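Everything below concerns the one structure shown next.
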Amino acid sequence: MIRWGIVGPGRIAHSFAKDLKLVEGGKLTAVASRSLERAQEFAKEYGAEHSFGSYEEMFESDEVDVLYVATPHTSHCELSIAAMEKGKHVLCEKPMGINLREVEQMIEAARKNKVFLMEALWSRFNPSILKVKEMIEKGDLGKIAYLNADFGFYALDRDPKHRLLNPDLAGGSLLDIGIYPIFLAYLILGKPETIMATSKFHSTGVEAQTAMIFDYPYAQAVLSSGLRSKISMRAEIAGSKGSAYLHERWHETQGYSVELNGELEEIDFPTKGIGYSHEIEEVHHCLNSGKLESSNWSLDNSLDLANLLNEVRKITGISFPGE
Numbered sequence: 060m061i062r063w064g065i066v067g068p069g070r071i072a073h074s075f076a077k078d079l080k081l082v083e084g085g086k087l088t089a090v091a092s093r094s095l096e097r098a099q100e101f102a103k104e105y106g107a108e109h110s111f112g113s114y115e116e117m118f119e120s121d122e123v124d125v126l127y128v129a130t131p132h133t134s135h136c137e138l139s140i141a142a143m144e145k146g147k148h149v150l151c152e153k154p155m156g157i158n159l160r161e162v163e164q165m166i167e168a169a170r171k172n173k174v175f176l177m178e179a180l181w182s183r184f185n186p187s188i189l190k191v192k193e194m195i196e197k198g199d200l201g202k203i204a205y206l207n208a209d210f211g212f213y214a215l216d217r218d219p220k221h222r223l224l225n226p227d228l229a230g231g232s233l234l235d236i237g238i239y240p241i242f243l244a245y246l247i248l249g250k251p252e253t254i255m256a257t258s259k260f261h262s263t264g265v266e267a268q269t270a271m272i273f274d275y276p277y278a279q280a281v282l283s284s285g286l287r288s289k290i291s292m293r294a295e296i297a298g299s300k301g302s303a304y305l306h307e308r309w310h311e312t313q314g315y316s317v318e319l320n321g322e323l324e325e326i327d328f329p330t331k332g333i334g335y336s337h338e339i340e341e342v343h344h345c346l347n348s349g350k351l352e353s354s355n356w357s358l359d360n361s362l363d364l365a366n367l368l369n370e371v372r373k374i375t376g377i378s379f380p381g382e
């Protein structure tokens, strides 16, 4: 039985804990927060035996094998490295680090300590996305020429100290949700030859909307993310023979459509639970096989993604305090 600990009992940790209950071979045994009371409440709700009022206490504990780091972006690197230095395996919520340098440091720590590390990019293990990728690789859609993926919602009415609007917490749309369209383009088309991008900024200083074009030898990917309006979230991948559509919200989609020869077929393909279950299963598979990284979302993949995010940031001028 693989024993999980959760670092940071926030909103996303609740979703993760619910899905963990659906996966065989693992259980939640511990929760850590800077507030012992919050950790105890979370532990009671999900049946974890242990709760800690500091992250360091859980890193020292013999009650956990692997940690899910679910804190704000700016603490991913520091906490993951601290955990790995104590011999703990880590599944770190995306983005793995706020910049390329942090991701490199995390990977170095994983390899030095010979522990498992994976970026929790749950969309990589979504059944519909896997199926569409398989169709593309088989050539069912022909030569891919166009990809469109967007992610947006309205968030400017939130407290300026909220993590999305707070530059000190690496706020803005790009790292939080823009990472998903970039990921899909990378998954389907690989690394682009050139990137064009432009951003709009909020009064707090964070980037609030970004539009991107990734240019490939044959294809183009048109991508966007934003906190200024709700954006339609059906992704489209079009080739010489036909098109595939990931249903809204595509990053957690429950199905897809395929258009071939003028006929549209819709396929329902529900996730197990919310969808975090599939990345949990991948972690279990890797740990049970003695693997220190996933072959489906490797550390090199996370490095590539961090490089793409850094390139967009350089073009658009997105920066964070302390970098």
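Throughout the sequence shown, residue numbering follows this note's numbering, covering 60 to 382 in sequence. Note that CB positions come from ideal geometry on N, CA and C, so glycine has one too. A quick note: this is a predicted structure, and the numbers were derived from the prediction, not measured.
Under the three-state DSSP convention, the category residue i falls into
i           : result
residue 164 : helix
residue 202 : coil
residue 267 : strand
residue 259 : strand
residue 277 : coil
residue 247 : helix
residue 63  : strand
residue 360 : helix
residue 155 : coil
residue 316 : strand
residue 216 : coil
residue 378 : coil
residue 344 : helix
residue 148 : strand
residue 254 : strand
residue 225 : coil
residue 286 : coil
Cutoff 7 angstroms; reference residue i; Cβ partners in own chain excluding five residues on either side
i           : result
residue 308 : 292
residue 60  : 84, 85 and 86
residue 324 : 316 and 317
residue 153 : 178, 179, 180 and 238
residue 138 : 66, 114, 128 and 130
residue 123 : 62, 63, 64, 88, 89, 117 and 147
Contacts around residue i, its chain only, beta-carbon distance under 8 angstroms, and the 5 residues preceding and following it disregarded
i           : result
residue 78  : 331, 332, 333, 334, 335, 336 and 339
residue 215 : 224, 261, 267, 286 and 287
residue 173 : 351
residue 301 : 199, 200, 201, 317, 318, 319 and 320
residue 211 : 232, 236, 268, 283, 284, 285, 286, 287, 288, 289, 290 and 292
residue 327 : 313 and 314
Rounded separation between residue i and residue j - CA only
i           : j           : result
residue 366 : residue 378 : 15 angstroms
residue 295 : residue 204 : 11 angstroms
residue 364 : residue 275 : 16 angstroms
residue 93  : residue 358 : 29 angstroms
residue 130 : residue 201 : 41 angstroms
residue 232 : residue 376 : 14 angstroms
residue 149 : residue 90  : 14 angstroms
residue 229 : residue 257 : 18 angstroms
residue 195 : residue 314 : 16 angstroms
residue 254 : residue 142 : 35 angstroms
residue 82  : residue 75  : 11 angstroms
residue 183 : residue 265 : 27 angstroms
residue 166 : residue 322 : 46 angstroms
residue 73  : residue 381 : 30 angstroms
residue 259 : residue 270 : 9 angstroms
residue 305 : residue 355 : 20 angstroms
residue 119 : residue 189 : 37 angstroms
residue 107 : residue 80  : 11 angstroms
residue 197 : residue 370 : 31 angstroms
Residue range of the alpha helix (DSSP H) that includes residue i
i           : result
residue 97  : 95-105
residue 109 : Segment 109-111 is the beta strand (DSSP E) holding residue 109; no alpha helix (DSSP H) there.
residue 191 : 186-197
residue 139 : 135-144
residue 327 : Run containing residue 327: none in the alpha helix (DSSP H); it sits in the beta strand (DSSP E), 322-327.
Contact test: residue i Cβ vs the ligand FMN heavy atom, cutoff 7 angstroms
i           : result
residue 324 : This structure does not include the ligand FMN; it has no bound ligands of any sort.
Element boundaries [beta strand (DSSP E), containing residue i]
i           : result
residue 118 : Where residue 118 is concerned, there is no enclosing beta strand (DSSP E), although the alpha helix (DSSP H) it sits in stretches over 114-119.
residue 352 : That residue, residue 352, is in no beta strand (DSSP E); it is neither H nor E in DSSP.
residue 295 : 294-298
residue 74  : Unbroken run through residue 74 is the alpha helix (DSSP H), 70-79; no beta strand (DSSP E).
residue 88  : 85-91
residue 178 : 176-179
residue 303 : 301-305
residue 128 : 125-128
Pick from the options that is closest to residue i, judged by C-alpha positions
i           : options               : result
residue 6   : 73, 341 and 241       : Given that the chain is displayed from residue 60 to residue 382, the structure contains no residue 6 and the question cannot be resolved.
residue 116 : 133, 147, 163 and 194 : 147
residue 71  : 157, 127, 100 and 120 : 127
residue 193 : 263, 247 and 343      : 247
residue 361 : 120, 273 and 151      : 151
8 angstroms Cβ cutoff, residue i in contact with chain C
i           : result
residue 380 : Absent here is chain C; the protein component of the structure consists of one chain.
Close-in-space but distant-in-sequence residues of the same chain around residue i (CB under 6 angstroms, 5 per side omitted)
i           : result
residue 110 : 90, 98, 99 and 102
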